[in-house]
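Enquirer:
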Amino acid sequence: MANSALARSGSVKAASSNDAVVQVRDVCKNYGDIEALRGINLEFERGNLTTLLGPSGCGKTTLLKIIAGLVPATSGEIRVNGRAVTAPGPERAFVFQDFALMPWATVLRNIGFGLELKGVTAAERDRTARRYIEQVGLAGFEQKYPHELSGGMRQRVGIARAFAVNADVLLLDEPFSAVDEQNRRKFQEDLLRLVELEKKTFIFVTHSIEEAVYVSDRIVLLSPRPGRVSQIIDPMIDRTASPDDIRRDAVYLDVVEEIWQGLRQYAE
Amino acid sequence: MTLFGRRIPMMTSLIFWLLVWEIVGRLEVMFLIPPITSIVAAGLNLVQTASWQSASLITLRAFIYGMALAIVVGVPLGVLMGRVRVIDNIFGLWVNMFVSAPLSALVPILMILFGMGETTVVVTVFLFAVWIIVLDARAGVMQAPTSLIEMGRSYGASRWTIFTKIILLSALPEILAGIRIGLIRGVKGVVIGQILVSIIGYGELFELYSRSFDMERFWALTMLLFAAAMLLSAGVEHFEKRIEYYAGVR
Ligand SMILES: Nc1ncnc2c1ncn2[C@@H]1O[C@H](COP(=O)(O)OP(=O)(O)OP(=O)(O)O)[C@@H](O)[C@H]1O
Ligand SMILES: [Mg+2]
Chain A
1 MANSALARSG SVKAASSNDA VVQVRDVCKN YGDIEALRGI NLEFERGNLT
51 TLLGPSGCGK TTLLKIIAGL VPATSGEIRV NGRAVTAPGP ERAFVFQDFA
101 LMPWATVLRN IGFGLELKGV TAAERDRTAR RYIEQVGLAG FEQKYPHELS
151 GGMRQRVGIA RAFAVNADVL LLDEPFSAVD EQNRRKFQED LLRLVELEKK
201 TFIFVTHSIE EAVYVSDRIV LLSPRPGRVS QIIDPMIDRT ASPDDIRRDA
251 VYLDVVEEIW QGLRQYAE
Chain B
1 MTLFGRRIPM MTSLIFWLLV WEIVGRLEVM FLIPPITSIV AAGLNLVQTA
51 SWQSASLITL RAFIYGMALA IVVGVPLGVL MGRVRVIDNI FGLWVNMFVS
101 APLSALVPIL MILFGMGETT VVVTVFLFAV WIIVLDARAG VMQAPTSLIE
151 MGRSYGASRW TIFTKIILLS ALPEILAGIR IGLIRGVKGV VIGQILVSII
201 GYGELFELYS RSFDMERFWA LTMLLFAAAM LLSAGVEHFE KRIEYYAGVR
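Chains as they are written, first to last, in the UniProt record's numbering: chain A, 1 to 268; chain B, 1 to 250.
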């Protein structure tokens, strides 16, 4: 189905270990009797955006939280920059599906909260927070409270907070799922710009095949529970084209189709 | 102006019932119901008497002591119950039992324990107010969103920091709501306590007026109490509104 010259699918690419910022080795996760993840092996390279895609309940959030150190793996290990980790650390930042903003704090304080917890001085964290407020397009909203913002703006705060701590790895769990379609497209374009700008490692979870193909350097398809890596796809989209051209591009459409065929077996 | 639209009928209804009261009072149907105008006159006269002023002071003091105790004990206990399973198991049953128990029935026992004086009234206020404060603080702490706690953890907050900077602040609206309801129950407590002890504060005055059939003063005192309770509640509500930025999440 897919044009294999343009979109490579295959097993895990053997990355030289100095490129791999995050390594997931033989990770399994059981919640009591429920086997959520089985034998996950993945590597994530610097400057790349990898999307985890799969049917609902296949363990995408679980895998992301294991990498974040928020949920312990039942077996296997996570290495970040070569070191095994079991708890959250400053080299990883999480963007939450429900934004996880403190309702009693202003936009400025929310964005600076990661820095506040690190013990950065007020003046310093305000300066950093303001820079990212600018970058995510929230200038003028510094003193607003979360309930005064739209869903899309709230997630911009969540993203700015993650960027402000200057982590190497950004973990995003369906960050745009609560955002309407127009804003979602704008978001995707902004995300691509930030990936370009920040040279960080992004691990992204989404339900949308189009979104995955549009933003990802690599897409990991997970099978239904117990989640396993079923396929890895490198979309190889030419991102120099305009957003609208990309969405009409034959390669883009082929990859979307290929993933749809891959996921369809689970839907039936 | 919906507020304006709502206010007018409320005021008219109040005026209507006051008029009915006045007419019934003037007709002298029942000695229990004197005309409103003479109650107001009695009230104005009452607040200038030394006996009312000293009774008010005693009442206010018992109320403040009892409430302070209820808040100082209730909020930490509720917070602990919301966070520590063992403590919740130890106290949960008792708190739930007392929150809906007819506490007035306990006052005679309190009189035996604490004597016929102010201590009994303070303890009554405490017992009336504390349980709802405990329950609301507990509920607030337990409702702290998991994703906010995970957010704190993911940015490296210690357990203590998460507790002080996230959980307590998330619980603040519930804690305040508990205190507001506790205040109103505390007013009930102070009145019931004093009436049952009946030799101090407003209890003594109520006793005196009802024994001498001084209905004007009796009603004036009752209305003053109602007004005080409503003012208190409105005050806390105003404070709750000032932190309205919580409204967005709930
Ligand atoms: N805390 C938990 N306790 C028990 N089971 C859990 C827990 N968290 C997740 N699970 C189960 O593990 C499986 C994977 O859940 P997870 O949330 O990771 O899936 P997901 O791929 O993110 O799903 P979705 O696409 O709906 O967000 C699900 O079957 C879920 O019911
Ligand atoms: Mg999920």
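For every residue, glycine included, the Cβ atom is placed at its ideal position computed from N, Cα and C.
Source: prediction; values computed, not measured.
At 3 residues or longer, what runs of the beta strand (DSSP E) sit wholly inside the region 205 to 230 of chain A?
Expert: Counting whole runs of 3 or more residues, the region 205 to 230 of chain A contains the beta strand (DSSP E) stretches 218 to 222.
Enquirer: List, in order along the chain, the chain A residues whose C-beta lies closer than 8 Å to that of residue 169 of chain B?
Expert: Position 169 of the second sequence, counted from the start, is the residue given in the question as residue 169 of chain B. Under the 8 Å cutoff, chain A gives 102, 104.
Enquirer: What did DSSP end up calling residue 31 of chain B once you bin it into helix, strand or coil?
Expert: Along the second sequence, one-based indexing puts residue 31 of chain B at 31. In this structure, residue 31 of chain B counts as coil in the three-state DSSP scheme.
Enquirer: For residue 35 of chain B, collect the residues of the same chain with a Cβ closer than 6 Å to its Cβ; drop the 5 residues on either side in sequence, then sort them by chain order.
Expert: Start at 1 with the first residue of the second sequence, and residue 35 of chain B comes out as number 35. Excluding positions up to five away in sequence, the list reads 22, 25, 26.
Enquirer: Is the number of C-beta pairs between the region 49 to 62 of chain B and the region 203 to 219 of chain B that are closer than 8 Å three or more?
Expert: Segments in contact, yes.
Enquirer: With three or more beta-carbon pairs closer than 8 Å as the criterion, would you say the region 123 to 130 of chain A touches the region 67 to 76 of chain A?
Expert: No, the region 123 to 130 of chain A does not touch the region 67 to 76 of chain A.
Enquirer: In whole angstroms, what is the alpha-carbon distance linking residue 46 of chain A and residue 33 of chain A?
Expert: The count along the first sequence starts at 1 and reaches residue 46 of chain A at position 46. The count along the first sequence starts at 1 and reaches residue 33 of chain A at position 33. Answer to the nearest angstrom: the Cα atoms are 36 Å apart.
Enquirer: Quick check on the DSSP output: the alpha helix (DSSP H) that includes residue 197 of chain B runs from which residue to which?
Expert: Looking up residue 197 of chain B in the second sequence gives position 197. Where residue 197 of chain B is concerned, the enclosing alpha helix (DSSP H) stretches over 168 to 197.
Enquirer: If you drop the 5 nearest sequence neighbours on each side, which residues of the same chain put their C-beta closer than 6 Å to that of residue 20 of chain B?
Expert: Residue numbering aside, residue 20 of chain B sits at position 20 when the second sequence is read from its first letter. Result list for residue 20 of chain B: empty, nothing under 6 Å.
Enquirer: So does the region 172 to 190 of chain B actually touch the region 229 to 242 of chain B, counting three or more Cβ pairs closer than 8 Å?
Expert: Segments in contact, yes.
Enquirer: Kindly indicate which three-state DSSP category residue 249 of chain B falls into: helix, strand or coil?
Expert: For the purposes of this step, residue 249 of chain B is taken as residue 249 along the second sequence, with counting starting at 1. With a pLDDT of 45 at residue 249 of chain B, under the threshold of 50, the modelled position of this residue cannot be trusted; read the value that follows with caution. Note: residue 249 of chain B maps to coil in three-state DSSP.
Enquirer: State yes or no: is the beta carbon of residue 247 of chain B nearer than 8 Å to at least one beta carbon in chain A?
Expert: For this step, residue 247 of chain B is matched to residue 247 along the second sequence. Legend: pLDDT at residue 247 of chain B = 49, less than 50; position of this residue unreliable, value from coordinates given subsequently. By this cut-off, residue 247 of chain B is an interface position.
Enquirer: Could one say the Cβ of residue 16 of chain B lies closer than 8 Å to chain A's Cβ atoms, at least one of them?
Expert: Locating residue 16 of chain B in the second sequence gives position 16, where the first residue counts as 1. Not one chain A Cβ lies under 8 Å of residue 16 of chain B.
Enquirer: Between the C-alpha atoms of residue 75 of chain B and residue 233 of chain B, what's the straight-line distance to the nearest angstrom?
Expert: For this step, residue 75 of chain B is matched to residue 75 along the second sequence. For this step, residue 233 of chain B is matched to residue 233 along the second sequence. When rounded, the distance between both Cα atoms is 18 Å.
Enquirer: Excluding five sequence neighbours on each side, which residues of the same chain lie with their C-beta closer than 7 Å to the C-beta of residue 147 of chain A?
Expert: Locating residue 147 of chain A in the first sequence gives position 147, counting from the first residue. If we look at residue 147 of chain A and ignore the five residues flanking it on each side, its Cβ neighbours are 103.
Enquirer: Can you give me, in chain order, the residues of the region 130 to 153 of chain B that have a beta carbon less than 7 Å from any beta carbon in chain A?
Expert: Correct list: 147, 148, 150, 151, 153.
Enquirer: Report the residues of the region 88 to 102 of chain A with a CB closer than 9 Å to any CB of chain B, ordered along the chain.
Expert: Cβ contacts with chain B: 88, 89, 90, 92, 93, 94, 96, 97, 98, 99, 100, 101, 102.
Enquirer: Determine, using beta carbons only, whether residue 129 of chain A and residue 112 of chain A come nearer to each other than 8 Å.
Expert: Stepping through the first sequence from its first residue, residue 129 of chain A is reached at position 129. Stepping through the first sequence from its first residue, residue 112 of chain A is reached at position 112. Contact: yes.
Enquirer: Using only CA atoms, which one of B/178, B/18, B/137, B/65 lies nearest to residue 237 of chain B?
Expert: Residue 237 of chain B sits at position 237 when you count from the first residue of the second sequence. Of the listed residues, the one whose Cα sits closest to residue 237 of chain B is B/178.
Enquirer: Output yes if chain B places a C-beta closer than 8 Å to the C-beta of residue 114 of chain A; else output no.
Expert: Your numbering for residue 114 of chain A matches position 114 in the first sequence. Chain B contact via Cβ: present.
Enquirer: Return yes when at least one heavy atom of ligand 1 lies under 7 Å from the C-beta of residue 73 of chain A, else no.
Expert: Stepping through the first sequence from its first residue, residue 73 of chain A is reached at position 73. Not under cutoff, so the answer is no.
Enquirer: Taking Cβ-Cβ distances shorter than 8 Å, what residues in chain B pair up with residue 160 of chain A?
Expert: In the first sequence, the residue the question calls residue 160 of chain A occupies position 160. By Cβ distance, chain B contributes nothing, its closest Cβ being about 13 Å from residue 160 of chain A, past 8 Å.
Enquirer: Name, please, each residue of chain A whose Cβ falls closer than 7 Å to the Cβ of residue 156 of chain B.
Expert: Counted from its first residue, the second sequence places residue 156 of chain B at position 156. Per Cβ cutoff of 7 Å: 88, 90, 117, 118.
Enquirer: Kindly indicate the opening and closing residues of the beta strand (DSSP E) around residue 23 of chain A.
Expert: In the first sequence, counting from the first residue as 1, residue 23 of chain A sits at position 23. 20 to 31 is the extent of the beta strand (DSSP E) around residue 23 of chain A.
Enquirer: May I have the straight-line CA-CA distance separating residue 12 of chain B from residue 45 of chain B, to the nearest angstrom?
Expert: Residue 12 of chain B sits at position 12 when you count from the first residue of the second sequence. Residue 45 of chain B sits at position 45 when you count from the first residue of the second sequence. Computed Cα separation, rounded: 27 Å.
Enquirer: Using the Cα positions of residue 245 of chain A and residue 169 of chain B, report the straight-line distance between them to the nearest angstrom.
Expert: In the first sequence, residue 245 of chain A corresponds to position 245, counting from 1. In the second sequence, residue 169 of chain B corresponds to position 169, counting from 1. Using only the alpha carbons, I get a separation of about 48 Å.
Enquirer: Using beta-carbon positions only, say whether residue 66 of chain A and residue 22 of chain A come within less than 8 Å of one another.
Expert: As a position in the first sequence, residue 66 of chain A is number 66, starting the count at 1. As a position in the first sequence, residue 22 of chain A is number 22, starting the count at 1. Not in contact: residue 66 of chain A and residue 22 of chain A (Cβ atoms no closer than 8 Å).
Enquirer: Less than 8 Å between the C-beta atoms of residue 160 of chain A and residue 203 of chain A, yes or no?
Expert: Stepping through the first sequence from its first residue, residue 160 of chain A is reached at position 160. Stepping through the first sequence from its first residue, residue 203 of chain A is reached at position 203. For residue 160 of chain A and residue 203 of chain A, no; Cβs fall outside 8 Å.
Enquirer: Answer with yes or no whether the minimum CB distance from residue 161 of chain B to chain A is below 8 Å.
Expert: By 1-based counting over the second sequence, the position of residue 161 of chain B is 161. So yes, residue 161 of chain B belongs to the interface.
Enquirer: Report the three-state DSSP secondary structure of residue 201 of chain A (helix, strand or coil).
Expert: Start at 1 with the first residue of the first sequence, and residue 201 of chain A comes out as number 201. Strand.
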